[in-house]
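Okay, so here's the structure we're looking at.
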Amino acid sequence: MNRRSLLGIALSALTLPAAAQGSWPDRPVRLVVPFAAGTTTDILGRLAAAYIAQGIGQPVVVDNRSGAGGTVGALAVAQAPADGYTLLFGTSGTMATNPILMPGLAYDPLRDFAPIASFARTSVVLGVRPQLGVASLREFLALARQRNLSMASAGTGTTGHLTQALIDLRGGVTTTHVPYR
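Encoded structure:
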């Protein structure tokens with residue numbers, strides 16, 4: 067046996083551990099949606115889960131981990147084993163806004179996550195109870211100048227919260243932010 071043959075056998079042996087591991091995925095995959103069930107992010111996450119499951123031939127289970135503007139779910143994924151079986155359905159908030167607005171955030175999107183795909187773009191809609199008696203943003207702002215109104219969002223630092231801050235700033239009003247959890 068010559069030196070090249072021996073080197074070839076040795077290099078081939080290095081691939082044995084990878085071959086013994088089998089192909090991914092060999093069990094269900096968890097998709098963490100960092101917002102509550104029924105939200106836009108949850109609905110889009112469930113659509114993504116169905117699409118991914120079809121592509122990989124394994125179930126993709128949606129795990130809603132809401133709270134703190136998406137940071138609870140994002141942190142759960144950052145702390146999960148890096149084995150490809152726990153995915154994050156992140157948002158611009160969890161990946162870009164929260165690291166800026168929340169100093170000391172327990173995860174770093176650049177270090178802790180690898181981007182796979184962009185899935186959807188959404189719009190922000192301002193809705194009110196019909197009993198409030200406003201039918202436009204102009205009427206909403208006029209009412210907000212007369213009395214304190216509150217606006218709810220999925221959490222501090224989310225797109226909804228920042229949109230509220232922009233409405234307050236540009237509209238010359240002060241509304242009370244009511245974050246979910």
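Per the numbering used here, residue 67 is the first one in the sequence shown, and the count goes up by one each step.
Glycine included, each C-beta is placed from N, C-alpha and C at the ideal position.
Query                                                                                                     : Result
Rounded separation between W90 and L235 - CA only                                                         : 49 Å
CA-to-CA distance, A144 to D178, given in whole angstroms                                                 : 6 Å
Separation of T137 from L80, as counted between CA atoms                                                  : Confidence at L80 is low in this model, with a pLDDT of 49, below 50, so the placement of that residue should be treated as unreliable; the coordinate-derived value is given next. Cα to Cα, the separation comes out at about 39 Å.
DSSP three-state assignment for P265, whether helix, strand or coil                                       : Nothing about residue 265 can be reported from this structure: the residues present for the chain run from 67 to 247 only.
Residue from S219, G135, Y151 and L113 whose Cα sits closest to the Cα of G193                            : S219
For G97: DSSP bridge partner residues                                                                     : Note on identity: in this sequence residue 97 is Leu, with Gly being the wrong assignment. DSSP, once it has assigned bridges, lists V128 and L153 as partnering L97.
Boundaries (first-last residue) of the alpha helix (DSSP H) holding V239                                  : Careful: V239 lies outside any alpha helix (DSSP H) and carries neither H nor E.
Validate contact between the segment 156-175 and the segment 115-130 using beta carbons, cut 8 Å, 3 pairs : no
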